[in-house]
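See below for the structure under consideration.
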Amino acid sequence: MITFNVGPSKVYPEVRQYLLDAFDNQVLSISHRSKEFDVFSEKTLNLMHEKLNIPADYTILYTGSATESWEIIAQDIVQNHAIHFFNGEFGKKWFDYAKYIIPNTIGYVYDENKTINLNEYVISQDVDLLGFTLNETSTGTQVKSAIIDEAKSKFPNALIAIDTTSCIGGITIDFQKYDIIYGSVQKCFGLPAGLGLLILSPKAIKKAEQKNVKGRYNSLLSMLDQIKKFQTNYTPNVLNIYLLSRVLEKMDNISIIDAKIKKRAIDWYEFIPTLKGFHLHISNSEVQSDTIITVGSTEENIAKIKKEAKLAGIELGSGYGSLKNTTFRIANFPSITDVEIETLKTFLKKI
Ligand SMILES: *Cc1c(COP(=O)(O)O)cnc(C)c1O
23 MITFNVGPSK VYPEVRQYLL DAFDNQVLSI SHRSKEFDVF SEKTLNLMHE KLNIPADYTI
83 LYTGSATESW EIIAQDIVQN HAIHFFNGEF GKKWFDYAKY IIPNTIGYVY DENKTINLNE
143 YVISQDVDLL GFTLNETSTG TQVKSAIIDE AKSKFPNALI AIDTTSCIGG ITIDFQKYDI
203 IYGSVQKCFG LPAGLGLLIL SPKAIKKAEQ KNVKGRYNSL LSMLDQIKKF QTNYTPNVLN
263 IYLLSRVLEK MDNISIIDAK IKKRAIDWYE FIPTLKGFHL HISNSEVQSD TIITVGSTEE
323 NIAKIKKEAK LAGIELGSGY GSLKNTTFRI ANFPSITDVE IETLKTFLKK I
C-alpha cells in the first residue's frame, strides 16, 4: 500500500534498517543519563542545526508531541496575553489549549483563501506573542513570510510563534524570523510518531526566564537546563531520537529538499484542476500549502475515490474535521517518491 496520509505519514524505507541497528547497538536499553545517549543526542541536535539551517544561538528541545508545545508556550512563556491567527482545526486547537491556560488569549479567524490582513484586527502593543500556523494541515494553507515580517515590524516586542508540524523538514523555514518554532517528526521527517521538537530564540528563552515557572511536568526552565547536557527531564523517546539522527545524517540540506517539494507542489496544483469532478480546495495560489494538497468534491465522489484508491493499493489522506467528507488530502512530503506520485496521478487520470 502506498500512503499519502498527512500524518502519521509514510516513513522512509530505511527506517527498517535503522530499527534493526537500534536493537543491535543496544540503543533500546541504554540509560538516558548515559554517555552513549548524550553522544547521539548531541549529534541529533547538531545535525538539526546543520541540515535545517537553524541559527547557532537557537535552542532545540525534545518534546513528546507538537500538542505538548501548545501547553509549554502558554504555561511557561506568555505573561499577559497572546493573539492567535488561524483558519483551520490545528490553529483552533492551539488557541483552545492556550485559552484554557491563559483565559484572555485572543483568537482571530481568517478566511482560508485569503492572506492575513493585520490591519483588520485589534492588536495592542503589550501583546506577548503572535501565533501563526505556518502550515495548516486541515485546510492545506500556509502563511506567507511577508505577513510575519509585517507583524514583526509593527509589534517588535511580541514573540512570533509558529506551528510548523506539517512543514518542518519539508520546506525551508527562515528561523531567524521567528522566536518559537515547533513541530513533530511523523510528518515531513518520515519517522514514526512520538517525538516533538521545540526550537527557541534567545528572546523566547529570556521571556521564559522572566516568567520563571518551575515545578511542572516539562517546565521549560528544567527542559532548558537538561538540554545543556543534551538530555531531557523525563525518559525521552530514545529510539526516535536515534532514528532522527539517522534520517538527518542521510538527509540533504533543507534548501535542496525545499526546491524539490515546491516543484512537486506546483505540479500538483496544475494537475488537480484537470480532473473532472474535483477541484482545489484552496484556489488562491498565494496561500496554497507546499506540503499538503487539499482536493475538494462532493461527499459521494470523495467516498468513492478513497475506496477505489484503496483497491488500487493507494491510501489517500482523509479530510479533517469539518472538511472530512468533502475533501481528501495528498501529502507532498520528502519520503514520498516520484514513482509513487506518478502512480497516484495515473490512478487519478483514470477516474
Ligand atoms: C499534526 C499536527 C499537530 C499535532 O501534532 P502532534 O505531534 O500529534 O501533537 C499540530 N499542528 C499541526 C499543524 C499538525 O499538522
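First residue of the sequence shown: 23, per the working numbering; consecutive thereafter.
In this text, a Cβ means the ideal position worked out from N, Cα and C, and glycines have one as well.
- By the neighbour-count definition (other C-beta atoms within 10 Å, threshold 16), I278 is an exposed residue.
- For D274 and S206, the gap between their C-alpha atoms comes out near 19 angstroms.
- Taking 9 angstroms as the cut-off, the beta carbon of L297 is found no closer than this to the beta carbon of K250.
- Burial check for G335: the Cβ neighbour count within 10 Å stays below 16, so the residue is exposed.
- Secondary-structure assignment with DSSP links H106 through a beta bridge to G129, G153.
- In the DSSP assignment, the residues bridged to F350 are V317, S340.
- Of K329, I184, F112, the smallest CA-CA separation from G29 is found for F112.
- The DSSP-derived three-state label of A281 is helix.
- Between the beta-carbon of I315 and that of L338 there is about 11 angstroms, and that puts the pair past the 8 angstroms contact cut.
- Annotation: E271 to D133 spans about 39 angstroms, alpha carbon to alpha carbon.
- If you draw a straight line from the Cα of G110 to the Cα of N135, it comes to about 11 angstroms.
- Leaving aside the five residues that flank T320 on each side, the residues in its chain whose CB is nearer than 8 angstroms to its CB run, in chain order, G299, T348.
- Per DSSP, the continuous alpha helix (DSSP H) segment holding Y122 begins and ends at 111-123.
- When only Cα atoms are considered, N306 and V49 end up about 47 angstroms apart.
- Annotated as distal: D185 and F211, with beta-carbon spacing of 9 angstroms or more.
- Here I203 is near I195, since their CB atoms are less than 9 angstroms apart.
- Beyond the five residues adjoining it in sequence on each side, N259 comes within less than 7 angstroms, by CB distance, of G216, L217 in the same chain, given in chain order.
- T81 has L222 as its beta-bridge partners, per DSSP.
- Beta-bridge annotation (DSSP): Y204 is paired with D185, L220.
- If you look at H71, you'll find it in the alpha helix (DSSP H) that goes 57-74.
- As DSSP reads the structure, H301 sits in a beta bridge with G318.
- Pairwise C-beta distances place the segment 235-249 in contact with the segment 70-88, as three or more of them are shorter than 8 angstroms.
- Beta-bridge pairing by DSSP links Q310 to T163.
- Assignment of beta-bridge partners to T25 by DSSP yields E337.
- Secondary structure note for T89: its alpha helix (DSSP H) is the uninterrupted segment 88-98.
- Here E158 carries a strand assignment [DSSP, helix/strand/coil].
- Taking C-beta atoms as the reference points, A173 and L152 count as a pair closer than 9 angstroms.
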